[in-house]
Structure formats: structure tokens, C-alpha cells
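In our numbering, the protein residues as written are 56 to 209.
Encoded structure:
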């Protein structure tokens with residue numbers, strides 16, 4: 056089960072609609088135009104358009120699977136007793152002596168540059184379930200880090 060915000064679900068549905076009704080239609084037009092240019096076995100535009108449609112169809116399938124396996128979570132139902140999805144957390148990285156802040160989100164909503172960290176990441180997995188004041192050693196690609204939960208909010 057993939058937990059997601061209402062806004063995140065709306066974004067996925069909008070992406071799916073755009074792919075199905077705009078982007079795929081444009082690619083199909085390019086495919087049909089390329090068909091008119093002779094022998095399809097040697098038609099680079101035709102082959103490129105077919106490949107583009109295959110990639111679009113794969114993305115459509117991926118979005119449909121994500122949407123069908125997702126459950127919307129209302130922020131009012133979120134507990135701040137321990138770290139969980141949709142919590143905003145303030146952490147102390149004792150290894151590098153710095154403070155980190157993240158909002159834990161579903162993989163489809165992740166945006167690390169804007170502080171939205173997927174619950175599938177090593178850091179999120181390492182702190183899920185912790186309470187304020189608790190510490191964990193988290194394995195990340197750069198090595199082990201010691202994190203302490205300073206604050207949990209919504």
C-alpha cells in the first residue's frame with residue numbers, strides 16, 4: 056500500500072490525464088505522419104514515434120498502478136507521537152553536526168530539493184517509529200550517520 060496526500064493523488068491523476076489525452080495523442084499524430092513517408096522498415100521517424108509511444112504507455116501503466124495501489128491519508132489522522140509518513144521532522148545529524156528538516160512522503164511525492172523525503176529512503180526508514188529525543192544509526196551510501204529526532208509536526 057502506498058500512502059499519499061490528497062494533493063499528491065490529484066497530481067498523479069492530472070499527470071495520467073495529460074499523458075493519455077495530450078501527450079500520447081501528439082505522439083500518435085507523429086506516428087501517423089511518419090507512416091506516410093514510405094517503407095516503414097527504413098523509416099527512422101516511424102521507429103522513433105513507435106518507441107516514444109511505448110515509453111508513454113509504460114509511464115501510463117506505472118501511474119495507473121501507483122494510483123490503484125495508493126490510499127489517501129488525511130493530515131488530521133496523522134499522529135505526531137512518533138515519526139511516520141506525512142510528518143515534518145527536525146533531526147540532529149550528530150555525525151556531521153548539522154540540523155536536517157524533512158517531510159516524509161510517499162515515493163511518488165518525493166522531492167528532496169524541497170525537503171520532501173520518500174519513506175523508502177534509508178534516512179526515512181531509519182527514523183520511522185522514533186519519538187522525540189530518540190536516536191538511530193542510519194546506513195546511507197556515504198556511510199553511517201547518527202540521527203536524533205528533535206521535533207515531529209504535521
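Glycine included, every Cβ here is placed at the ideal spot set by N, Cα and C. None of the values given here were measured: they were computed from a predicted structure.
| Asked | Found |
| --- | --- |
| Classification of residue 64 by the beta-carbon crowding that lies within 10 angstroms, buried from 16 upward | buried |
| Reduced DSSP secondary structure (H/G/I, E/B, other) of residue 126 | strand |
| 8 Å contact criterion, which residue 193 and residue 205 should meet: CB distance rounded | No, residue 193 and residue 205 are not in contact; Cβ-Cβ is about 15 Å, not under 8 Å. |
| Residue 127 beta carbon less than 8 Å from that of residue 209 | no |
| Which of helix, strand or coil DSSP assigns to residue 87 | helix |
| Burial state of residue 142, where buried means 16 or more other Cβ atoms lie within 10 Å | buried |
| Any non-hydrogen atom of the ligand MN closer than 7 Å to residue 127 Cβ | This structure simply doesn't include the ligand MN, nor any ligand for that matter. |
| Whole-angstrom distance between residue 91 and residue 161, CA atom to CA atom | 44 Å |
| The beta strand (DSSP E) enclosing residue 201, as first and last residue numbers | 198 to 208 |
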